[in-house]
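Take a look at the structure below.
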Amino acid sequence: MITEAFTERLAALTEIRAARPESVAEAAARRVRRGSPLGPNGRLMIVAADHPARGSLGAGDRPLAMADRWDLLERLCLALSRPGVDGVLGTPDVIEDLLLLGVLDEKVVLGSMNRGGLAGSAFEIDDRFTAYDARAIAEQGLDGGKMLLRIDEADPATVSTLESCARAVSELAAGRLMAMVEPFVSHRVDGRVRNVLTPEAVTRAIAIASGLGTTSAYTWLKVPVVDDMERVMAASTLPALLLGGEVPDDPDAALAGWARALRLPTVKGLIVGRSLLYPPDDDVAGAVDAAVEVLG
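For reference, each letter of the sequence shown is one residue, going 1 to 296 in UniProt numbering.
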């Protein structure tokens, strides 16, 4: 997928980082921001690329798909160039590469905050804030921050993640920046943390996440599509984006599920990563366009 011209641009990234690291801050200062996160249709379409920093590199049947940074960046640039795509979610390394490539003007840029709960680790629930913090998000002119909240009642580390997320929500709100919370009820099964995707579990997670921080004025939710979404989404009045999750075996069924959930009043759009960046047929543009069409 990588063209010669794009290879030259990517190769320049390392040279710029090595010789002129201040270029990152300069690119952030130059970035043209948009006035409102919502698009003209009142929807929001975000491409997610914060998986690698948590050690989650697989996509579908490709266990190391996201390990190739050049390939990932090309896919991201292609996705961001498609009509109807409003922005991106990523960790500092990814966002800064995109800033240096000059593709984030007029885009909503969300910084991923807690990546310390490495996928498959014994400390996965103890999801510490190891990437962006609220101060850096404000200083670099980003539009908000996203945090993962896994709630395991059997794991005492849950309470520290709850406290850290609450603090981040408050600090982002103080700067009038979006606080995107992705909550799950989770359990450890056979040594791995698994999210519980029943309507009851997702409803409980939404209720807990909605109450984090000193104000919910700038809080958004990132939620999975599960059964009985009308009842699930009734748990909060906060705006929500639907997450894409793993690459689906049946992309058409995934699109249909998004379409049904998007009819609900609190669902404002999509935040999808691997499903669009690594579709089964490798047609990134086609997968992105199909998701945008679902938004209406």
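Beta carbons are placed, not taken as given, at the ideal position from N, Cα and C, and that holds for glycine.
| query | result |
| --- | --- |
| Whole-angstrom C-beta distance between S236 and A254, which should lie under 8 angstroms | No, A254 and S236 are not in contact; Cβ-Cβ is about 23 angstroms, not under 8 angstroms. |
| is_contact[R9, chain B] using C-beta, thresh 8 angstroms | This model lacks chain B altogether; it includes just one protein chain. |
| Environment of D249 [buried if 16+ CB atoms lie within 10 Å] | exposed |
| Rounded separation between P183 and L148 - CA only | 6 angstroms |
| Straight-line Cα distance separating N114 from G244 | 19 angstroms |
| Residue from V247, A256, S210, E246 with nearest C-alpha to D227 | A256 |
| R30 burial status per 10 Å Cβ neighbour count (16 or more: buried) | exposed |
| For S186: DSSP bridge partner residues | N195 |
| Beta-carbon proximity check, G117 vs D133, cutoff 8 angstroms | no |
| Complete beta strand (DSSP E) runs within the stretch 15 to 84 (minimum length 3 residues, chain order) | 44 to 49 |
| Residue ranges of each beta strand (DSSP E) within the stretch 218 to 268, 3 or longer | 219 to 223, 240 to 243 |
| W258 and V284 closer than 8 angstroms at C-beta | no |
| Element boundaries [beta strand (DSSP E), containing I151] | 144 to 151 |
| Assigned secondary structure, I206 (DSSP; H/G/I helix, E/B strand, else coil) | helix |
| 6 angstroms Cβ shell around F129 - same chain, five flanking residues per side excluded | M113, N114, S164 |
| G144 beta carbon less than 8 angstroms from that of A201 | no |
| Of the residues M66, S36, T219, the one placed nearest V247, counting alpha carbons only | M66 |
| For L98, the three-state DSSP class (helix, strand or coil) | helix |
| Neighbourhood of R231 by C-beta, 8 angstroms cutoff - its chain only, sequence neighbours within 5 removed | P199, T203 |
| Assigned exposure category for S186 - 16 Cβ within 10 Å defines buried | buried |
| Residues near H51 in its chain [Cβ-Cβ closer than 8 angstroms; skip 5 each side] | L57, M66, G273, R274 |
| Touching by the beta-carbon criterion (3+ pairs, under 8 angstroms), the stretch 67 to 78 and the stretch 278 to 295 | yes |
| Contact between the stretch 81 to 90 and the stretch 15 to 26 (3+ Cβ pairs under 8 angstroms) | no |
| Member of I151, A157, P92, S121 whose CA lies at the smallest distance from the CA of E139 | P92 |
| Proximity test, V223 beta-carbon vs the ligand ZN heavy atom, cut-off 7 angstroms | Because no ligand of any kind appears in the structure shown, any question about the ligand ZN cannot be addressed here. |
| Cross-strand partners of M178 (DSSP beta bridge) | G144 |
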